[in-house]
Structures are given as structure tokens and as C-alpha cells.
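Asker:
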Amino acid sequence: MYLPIYRNAQRIIFVQPDGSSELVQEYMNKDYVSLNFKLTKYVALEIGDYILLEDFLPHKKGKYTLKIVPDIPINRAKEYHYECIFNSEMYYMGDVQFRPLNSQNFEFELTGRPEDFIQDVCNSLNRELGADKWLVGNIEPLIDGYYKTIMFDNVMCNEALRIISEEYNVDFYFQYVRTSDEENNLIHLEAPVEKLPSGVRFETGRYGGLRNLAQMKADPELSLKTEIWGYGSKDNLAPDYESPVVPKRLAFVGDNGESKLTENKHLYGVRQLTIVKDDIKPNRVGEITDVLAINKVADASLTFDIKDYYIPNIQPLINVLSGKLTGRQFEYQFDYAEKSFLIKPITDHITGFIYPSEEYGGFEVGDKYNLINISLPQSYVDEAAELLKNAVQLELDKRKNPEMNYELEIDEFEIQRKNISLHAGLLIDVRNPELGIYREIRIRHLRQNVINPSVYDLTVSDHGVIGGYLSTRYIVKFMVVDANSNPLENVVIRINFVDVITDGLGRGEIELTSGVYDYFARLEDYQDVSGEVIISGDGVEVLIVMDNYAYAVDYYGENATDLLKKYAYGTEY
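See the structure below:
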């Protein structure tokens, strides 16, 4: 096999990789091609030369660039061995400093929503690497509208992205998109939801595609939790706000009416945790629509009288989030008729500068602000409570299962037969009865041979499985009939510590997350039936056939044993 190396959109040489050449990927961390080959004459490769994945790996696209001069050991005359590392586009982020405000500032504080921070990263990259080459991708729905204030101190764009990811407790990934007209890189702030086609799975056993599986603990520091309470800030709450804790904090209505969420308690028992999110509070981010004077501004979008929400004995403040006065807080008088703020100037106790002022900086149309030390209309309280609930869900999604790594030995012939391609971040369906694995797990580490692309070295992991998409609940539908296929009403099916009762058509249903669940069905005058439900990324339909005692007694003779085996009954009445 020969593959081309490019320079300025032109092929400069074709090389024949040796068997050690491979694509190496690590979820949210690494993505490069180790390309080793030999030539009979010296060819100078330059930083910026690149290869395209689609030239040698089926079903994949990507531009991988030489960022350091390759090693070239010379074993003998006219034999030049090249050891090259071609990096994906994500590595450019480590070359560009995060300076979204301008090309000078390197230490600053930013306030915004998730998409604002990702746009700031893109702005820094586009300023240096070309306009609109880096774009904002998808944002995890559970953090939609979540304003944060984050400090950045002399960081590169890749470090800034990690800080943003950690602040929001959400994964990120990159997507390279190339058309005939342009190339783009999308930055997504969410856990990727891409998976293999339905029905494609890796399992032990003949034709299962999984030759071997080794289990290891992934992260000893990330402890298993099944029940998490969450509370928000003490700020911007009305005096009559009903909070379950003292001092008063923002809360949400969760399981059992408490400010908590619970999952997998039936599997792992009671494992509790409390988290506090001081940055989640009732909050309205507004924008200055008019500057009436150096110390007077207006926001025409206000729909309520701020004075109605003052808290007794607490000084309300306007907090500036963007513009020349970023980070400064001012006392004010509010006029609802004009929807204006009359600002009380402040004097910097170090410099003596007065703000706002024409000399040292004032308000401008478009400046963003929020209001602190006031309560807010109920709609803002409800939004904050929902954000808090989402934050707890994200934390629970990380901790609700033991953090395990699984090293997989994949059958290359099954890869060929199923005509599939794997990459880091992909969710794959893994099944192993001995270890009780029946779920989708994310590929965390991947090595793919360049000469034989069907040969993979994989590590999959529950670690880093973050995001609302992965906590999806699936519907289990029960249909209960008697031996003559007549529907049975009022059958009590006990599953996951919940009773499901069938209706007049013999139907009942429940929502559950992926896993293995035992069920037990009971109806007076009928034999009890037990069984197992396996949920793996999709809904399940379960047919339960129940036999009454009279029918069983009629066949107590020579057919009784077969009957008992058929319906999994006991051995005596």
C-alpha cells in the first residue's frame, strides 16, 4: 500500500508504511498518525506537510499535519528510515493562546453561557488560523443557559477548552468537516452520541466479534454514588422562598420531593453525596440598549419593575459582565417608566480613578449586565432550579456506575464482515454474561493499524460518560396473558422496587435505564412468574404467560413436570 503526503494541496511523494504505522486516538486528548516508512533517497519533509485519512483508512476523514521535523535514522547507504508523527487539527489549539478579547490581553475574567465560551475559543483560533475555520458545534442540552464566570490566566486554547469542560462537567470533541469549497473544525461541548448501527455489538462467543475482554478499575478517585442532593446559591432568593436547608439555598423538586436524584440504588445500595453549586441562582442577564448619560443607562427589554423585587436591608447592585466596566458593580436608582438605571459612580481605592467616566471608561450599547442582591420573578427561580437539577444529573451520570476500563481484543474478520469503522468517543454495544456487561460503552483509547485497518487495539470505559443523552430511560412494555392467550388484568409486576399493574388489555409499562433487571409477576389464583429483562440502548417488550392453579391441577399427572418447567414454577403446590 502506498499513501500520498501533501504540501500546499499538491502530492509531493508516495510512501509505503511499515507494519508499525498506526492511528492513535485517546478520547478528549490525543489524535495522531504514527507513520513509519523507508526511502532509497532523501526527501526533505517540512513542517506543514500533511496526509488525509481517507487515502488509507476506510470510512474516515481528517487532515493530519506534520508539526515537528521527523526522525530519520540511516541504517545503511540509500536506506532512509522516516519516523513521522502527523497530528490532527486539534493540536493547533496548543499553538494558539486564548485571547478572545484582543490580541494583547492574556489574563482576564469572562462571564457567559457555554456557547459564549466556545465561541471565544473559536475567535482566538480564527484570528490566527483563518476566519471561520473553527466553529461552535453542539452544546449539551443540560447546561443550556448556564451562565458562569471563569478566570483565565495565560492559557492556550486547548487549556481553555479543558477549563470550560471541567467548569461545566461536560465532555468535548472535535469534528472535521471538509467539502469541495472549504474545511471546518467544529468544537462540540457535549458527550458524542454517535454509535454503531442498531444490532451491531461485540460479545464473547462464536461470531460475537470479541475474542477477549479484560476488566480494570478506571479512576479510583471517582467514587460510586447512587443518591446525590444538590443545592444552589443563597443569592437572589425572596424572603419567603421555601428552602429545605438552613441557611436558605436554591433547591429543586426531585426524588421523593427532595432536592436530590437517585439511580442504581437497587444495584449498588446507598451511596450518598451532596453537592453545592454557588454559581446557580435566579439570574437575569440583560443588555444595555441606550446610554442616556455617562451615569445613566437603559434596558428596553425589561418586562418587570425591579423595585418590586428588592430584598429588605440589602443593597441592590448592577454587575457589569462585558465592556469597559467588566467586573465592576454599582449602586443604582431604577426608573421603570424609562427602564433606566441612574448609576452611583465609584472611585477605585488604589488608582483613584472614577467609574463610569469619559476619561477612564463608561457604558456602551450592547454591554451585558446582571442584577444581584434582589429577588426575581418566579420564572427565573424555576429556570435556576432546572439548571440545578441538570447539574446534579450530570454528576450522577458520572458516578452512578463503577468506573471501569475494559481492554478489548476485537476479531478483525468480524470488523471486515460487518464493514464497520471505530474511533475514539464512539459508543459500542459490549456484552459479556460473566461480568454482567450489557450496555453501550465509549471507546476511550484506540490504536488502528495502517496496513491492516481491521486490526484494532481498544480500551472502552465508563469513565467520562457524561451528558443527558447517556442517562436516557427506555420503556419496558409488559403483556400478560393466560395459557389461552387471554389478557390478564391487575397483575402486579414487581421490577426495580416498583409495582407495575396491568390494565384491562393485560398491558403495563415502566421507564428504566440500561441494565439487567429481575421481575416477579403475581395474580391471585395464578402461578407466580419470575424472569429477567435486559435493557441495552432501546425499549423492550416482555410477554408473560401465567397459568392458573385449576389448569395446573388438571395436569398434575404425567404432564405436570413439563408444565412446571415450561412456566418456571416450583416443584410442589
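Add 747 to a position in the sequence shown, counting from 1, and you land on the number used in the working numbering. Just so you know, even glycine gets a beta-carbon here, dropped at the ideal spot from N, CA and C.
#1: Can Glu826 and Thr787 be called in contact, C-beta distance under 8 Å?
#2: Helix, strand or coil: how does DSSP classify His1096 here?
#3: With a 10 Å radius around its C-beta and 16 neighbouring C-beta atoms as the bar for buried, classify His935 as buried or exposed.
#4: Can you tell me whether Lys1136 is buried or exposed? The criterion is at least 16 other CB atoms within 10 Å of its CB, across all chains shown.
#5: Is the region 1107 to 1124 touching the region 1031 to 1049 in the sense that three or more CB pairs, one from each, lie closer than 8 Å?
#6: When you compare the CB positions of Leu1039 and Ser1069, do they come within less than 8 Å of one another, or not?
#7: For the alpha helix (DSSP H) containing Ala1131, name the first residue and the last one.
#8: Which of helix, strand or coil does DSSP assign to Gly841?
#9: Per DSSP, what kind of secondary structure is Val1223 in: helix, strand or coil?
#10: With Asp867 as the anchor, note down where its alpha helix (DSSP H) starts and where it stops.
#11: Do you know offhand how far Ala1230's Cα is from Asp1294's?
#12: Report yes if the C-beta distance between Tyr753 and Val780 is below 8 Å; otherwise report no.
#13: Which residues does DSSP pair with Val790 in a beta bridge?
#14: Can you tell me the Cα-Cα spacing of Ile1322 and Leu1143, whole angstroms?
#15: Counting only the same chain and skipping the five closest in sequence on each side, list residues whose C-beta sits under 6 Å from that of Gln866.
#16: What are the partner residues of Glu1256, as DSSP defines its beta bridges?
#17: Determine, using beta-carbon pairs with one atom in the region 1175 to 1195 and one in the region 1159 to 1166, whether at least three such pairs fall under 8 Å.
#18: Excluding sequence positions up to five away, which residues of its chain have a Cβ less than 8 Å from the Cβ of Gly1215?
#19: Is it right to say Gln763 is buried, meaning 16 or more other beta carbons lie within 10 angstroms of its own, or is it exposed?
#20: Using only CA atoms, which one of Glu856, Ser1232, Ile1281 and Met903 lies nearest to Cys869?
#21: Between Ser990, Lys995, Gly1251 and Tyr1102, which has its C-alpha nearest Leu1235's C-alpha?
#22: At 3 residues or longer, and completely inside the region 1041 to 1105: list those beta strand (DSSP E) runs for me, N to C.
#23: Locate the alpha helix (DSSP H) running through Tyr915, then write down its first and last residues.
#24: Among the residues of its own chain, which have a CB less than 8 Å from the CB of Pro1092, if the five just before and after it don't count?
#25: Quick check on His828: does DSSP put it in helix, strand or coil?
#26: Considering only the beta carbon of each residue, do His1192 and Glu836 sit closer than 8 Å?
#27: Select from Tyr988, Phe899, Arg953 and Gly1004 the residue whose C-alpha is nearest the C-alpha of Trp1324.
Answerer: The short version:
#1: Sequence index remark: in the sequence shown, residue 826 carries index 79 (1-based). Sequence index remark: in the sequence shown, residue 787 carries index 40 (1-based). In contact: Glu826 and Thr787 (Cβ atoms closer than 8 Å).
#2: For the purposes of this step, residue 1096 is taken as residue 349 along the sequence shown, with counting starting at 1. His1096 falls in the coil class under three-state DSSP.
#3: In the sequence shown, counting from the first residue as 1, residue 935 sits at position 188. So His935 ends up on the buried side.
#4: Looking up residue 1136 in the sequence shown gives position 389. Its Cβ being crowded by 16 or more others within 10 Å, Lys1136 is buried.
#5: Counting C-beta pairs closer than 8 Å gives three or more between the region 1031 to 1049 and the region 1107 to 1124, which meets the contact rule.
#6: If you number the sequence shown from 1, residue 1039 lands on position 292. If you number the sequence shown from 1, residue 1069 lands on position 322. Not in contact: Leu1039 and Ser1069 (Cβ atoms no closer than 8 Å).
#7: Position 384 of the sequence shown, counted from the first residue, corresponds to residue 1131. For Ala1131, the enclosing alpha helix (DSSP H) stretches over residues Gln1125 to Arg1146.
#8: Here residue 841 refers to the residue found at position 94 when the sequence shown is read from its first residue. In the three-state reduction of the DSSP assignment, Gly841 falls in the helix class, which pools H, G and I.
#9: Here residue 1223 is taken as the residue at index 476 of the sequence shown, counted from 1. When secondary structure is reduced to three states using DSSP, Val1223 falls in the strand class.
#10: Looking up residue 867 in the sequence shown gives position 120. Going by DSSP, Asp867 is part of the alpha helix (DSSP H) stretching over Pro861 to Leu876.
#11: Within the sequence shown, numbered from 1, the residue matching residue 1230 stands at position 483. Within the sequence shown, numbered from 1, the residue matching residue 1294 stands at position 547. Using only the alpha carbons, I get a separation of about 6 Å.
#12: Here residue 753 refers to the residue found at position 6 of the sequence shown. Here residue 780 refers to the residue found at position 33 of the sequence shown. Not closer than 8 Å, so no.
#13: Counting from one through the sequence shown, the residue named residue 790 turns up at place 43. Under DSSP, Val790 forms no beta bridge with any residue.
#14: Limits of the chain in this structure are 748 at one end and 1320 at the other, which puts residue 1322 out of reach.
#15: Within the sequence shown, the letter at position 119 stands for residue 866. Within the same chain, and ignoring the five residues on either side of Gln866 in sequence, the residues whose Cβ sits closer than 6 Å to its Cβ are Val883.
#16: As a working note, residue 1256 is residue 509 in the sequence shown. Lys1224.
#17: Touching, no, given that fewer than three Cβ pairs across the two stretches are closer than 8 Å.
#18: Looking up residue 1215 in the sequence shown gives position 468. Low per-residue confidence applies at Gly1215: pLDDT is 30, beneath 50, and the placement is therefore not dependable, though the value from the model is reported in the following sentence. Answer for Gly1215: Glu887, Pro888, Leu889, Asn1137, Gln1140, Leu1141 and Asp1144, listed in chain order.
#19: Along the sequence shown, one-based indexing puts residue 763 at 16. With fewer than 16 other CB atoms across the displayed protein chains lying within 10 angstroms of its CB, Gln763 is exposed.
#20: Here residue 869 is taken as the residue at index 122 of the sequence shown, counted from 1. When the alpha-carbon of Cys869 is set against those of Glu856, Ser1232, Ile1281 and Met903, the nearest one is in Met903.
#21: Sequence index remark: in the sequence shown, residue 1235 carries index 488 (1-based). When Ser990, Lys995, Gly1251 and Tyr1102 are compared, the shortest CA-CA separation from Leu1235 is found for Gly1251.
#22: Whole beta strand (DSSP E) segments, 3+ residues: 1043 to 1045, 1064 to 1067, 1079 to 1082 and 1087 to 1090.
#23: Position 168 of the sequence shown, counting from 1, holds the residue named residue 915. Where Tyr915 is concerned, the enclosing alpha helix (DSSP H) stretches over Cys904 to Tyr915.
#24: As a working note, residue 1092 is residue 345 in the sequence shown. Around Pro1092: Asn1042, Phe1077, Ile1101, Tyr1102, Pro1103 and Ser1104.
#25: To locate residue 828, count along the sequence shown from 1; it is residue 81. Strand, per DSSP.
#26: The count along the sequence shown starts at 1 and reaches residue 1192 at position 445. The count along the sequence shown starts at 1 and reaches residue 836 at position 89. Against a cut-off of 8 Å, the Cβ pair of Glu836 and His1192 comes out as no contact.
#27: Examination of residue 1324 is not possible in this model, given that the chain is present from 748 through 1320 alone.
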